[in-house]
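Residue numbering for the sequence shown follows the numbering used here, beginning at 13 and increasing consecutively.
Ideal placement from N, C-alpha and C gives every residue a C-beta, glycine not left out.
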Amino acid sequence: MVTRRTVVKGSVAVPLAGSAMLASILPGSVAAQDLTVIVGSKDFTEQFILGNMYIKVLEDMGITTEDSTNLGGTQIAQQALESGDIHLYPEYTGTGLTEVLGLSVEDVLGGGATPVAVAEATPASADASQAVYDAVKVAYAEQFGLVWLERSPANNTQALAVKRAFSEENGITTISQLAEMAGDLIVSAPADFPEREDGLLGLQRVYGAGFEEIEVLPVAPGLKYQALEDDQAQVVLAFGTDGQIAGLDLVVLEDDLSLWPPYNIAPVVRQEVLDAYPDVEARFNEVTTSLTDEVLSDLNWRVDGDDKEEPADVAESYLTENGFIGG
13 MVTRRTVVKG SVAVPLAGSA MLASILPGSV AAQDLTVIVG SKDFTEQFIL GNMYIKVLED
73 MGITTEDSTN LGGTQIAQQA LESGDIHLYP EYTGTGLTEV LGLSVEDVLG GGATPVAVAE
133 ATPASADASQ AVYDAVKVAY AEQFGLVWLE RSPANNTQAL AVKRAFSEEN GITTISQLAE
193 MAGDLIVSAP ADFPEREDGL LGLQRVYGAG FEEIEVLPVA PGLKYQALED DQAQVVLAFG
253 TDGQIAGLDL VVLEDDLSLW PPYNIAPVVR QEVLDAYPDV EARFNEVTTS LTDEVLSDLN
313 WRVDGDDKEE PADVAESYLT ENGFIGG
């Protein structure tokens, strides 16, 4: 259990003489601004970088922090946030929707039974990324009292990637185009890919018969890009911000029929942080909205590639070079 200071919430009846005490616990007061902000993250490279970005921004604002990054998986991080063991961590919209709320993109876009709050937040005209973000923002506020700040342009969803030369030689930039020649190709992917609805089964259902003939090369997750480099496969199952996409100059194919849900990134924050430090929202939003697929892939590669930089150093250099801290 992480030791921390917390903000007193709620109101009590106090005599007029005690008004100074009451003022000391109101949002923005001296007592509220004594809050030490505990920053969490999940247990992989991108999360380490994002968590350290949050820490660096908070410290640049003069806010005391505790580093509780590398917590584990989604459920551990979510439970820590709900309980107050941490005050914020980076989450993905698709993960919040499916793993935390138990909903699907079809639910959000009107294809299933959706809670009223979610339905009201997602007009049919909204694109999938905005609709999913709106859905989790409303549902988290109502169910958990948690705040989703602005989302990133970066989308760390599942994807298919190919070498740039292959893309250019064959004129392929979308999965629909790949489907036309999929029967002649090999895809490097984890062993369970053929049986997963968000894997080959989904590709066959959404993109058609072309993917019924594609050959799957089952590999350990850490070796899937090596198979592509060694020309054992022409396609790799990727995530949109993997460091190898930048490091190996790969092309991520557009999921033009929207098989995979969006996984845009945002800080999810306990309300007492925003009560104590109202400027945090704007500072975090500036950073988050700068994070594209290309930016995060490059930052991830600096940690996972040959140079093996520390996540905290990568986070600090990005923030400094782009004017987010140290101004």
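First through last residue of the alpha helix (DSSP H) which encompasses residue i
{"i": "L213", "result": "212–219"}
{"i": "F251", "result": "Run containing F251: none in the alpha helix (DSSP H); it sits in the beta strand (DSSP E), 247–251."}
{"i": "P323", "result": "323–333"}
{"i": "A147", "result": "140–156"}
{"i": "S95", "result": "86–95"}
{"i": "A258", "result": "255–259"}
{"i": "E241", "result": "236–241"}
Residue i versus residue j - alpha carbon distance
{"i": "A147", "j": "V120", "result": "7 Å"}
{"i": "P279", "j": "L286", "result": "12 Å"}
{"i": "M193", "j": "L47", "result": "57 Å"}
{"i": "A232", "j": "A151", "result": "36 Å"}
{"i": "F56", "j": "V315", "result": "11 Å"}
{"i": "T332", "j": "V299", "result": "11 Å"}
{"i": "V326", "j": "L172", "result": "27 Å"}
{"i": "L113", "j": "I184", "result": "36 Å"}
{"i": "S270", "j": "Y219", "result": "10 Å"}
{"i": "D204", "j": "G157", "result": "36 Å"}
{"i": "T304", "j": "A288", "result": "29 Å"}
{"i": "D414", "j": "A140", "result": "With the chain represented from 13 up to 339, any question about residue 414 goes unanswered, as that position is not in the structure."}
{"i": "D318", "j": "I75", "result": "34 Å"}
{"i": "F223", "j": "G63", "result": "38 Å"}
{"i": "A294", "j": "L93", "result": "21 Å"}
{"i": "A201", "j": "G338", "result": "42 Å"}
{"i": "Q90", "j": "A153", "result": "14 Å"}
Residue span of the beta strand (DSSP E) that contains residue i, given as start and end
{"i": "S80", "result": "77–80"}
{"i": "W313", "result": "Taken as a continuous stretch (DSSP letters only), W313 belongs to no beta strand (DSSP E), being part of the alpha helix (DSSP H) at 305–316."}
DSSP three-state assignment for residue i, whether helix, strand or coil
{"i": "R176", "result": "helix"}
{"i": "N64", "result": "helix"}
{"i": "V117", "result": "helix"}
{"i": "E225", "result": "coil"}
{"i": "R163", "result": "coil"}
{"i": "Q170", "result": "strand"}
{"i": "L190", "result": "helix"}
{"i": "A1", "result": "Absent from the structure is residue 1, since the part of the chain shown begins at 13 and ends at 339."}
{"i": "A131", "result": "Here the model assigns A131 a pLDDT of 48, short of 50, so the residue's position is not dependable and the matter cannot be decided."}
{"i": "P39", "result": "Caution applies to P39, whose pLDDT of 49 falls short of 50 and renders its modelled position unreliable; the value that the coordinates give is listed next. Note: P39 maps to coil in three-state DSSP."}
{"i": "V285", "result": "helix"}
{"i": "V231", "result": "coil"}
Expected contact under 8 Å - CB spacing of residue i and residue j to nearest Å
{"i": "R282", "j": "L100", "result": "7 Å"}
{"i": "V263", "j": "V117", "result": "24 Å between Cβ atoms; not a contact."}
{"i": "P165", "j": "T253", "result": "Incorrect: roughly 11 Å between the Cβ atoms, too far for contact."}
{"i": "L109", "j": "P273", "result": "7 Å"}
Test item: CB-CB of residue i and residue j under 9 Å
{"i": "I61", "j": "L308", "result": "yes"}
{"i": "N276", "j": "Y66", "result": "no"}
{"i": "E241", "j": "K68", "result": "no"}
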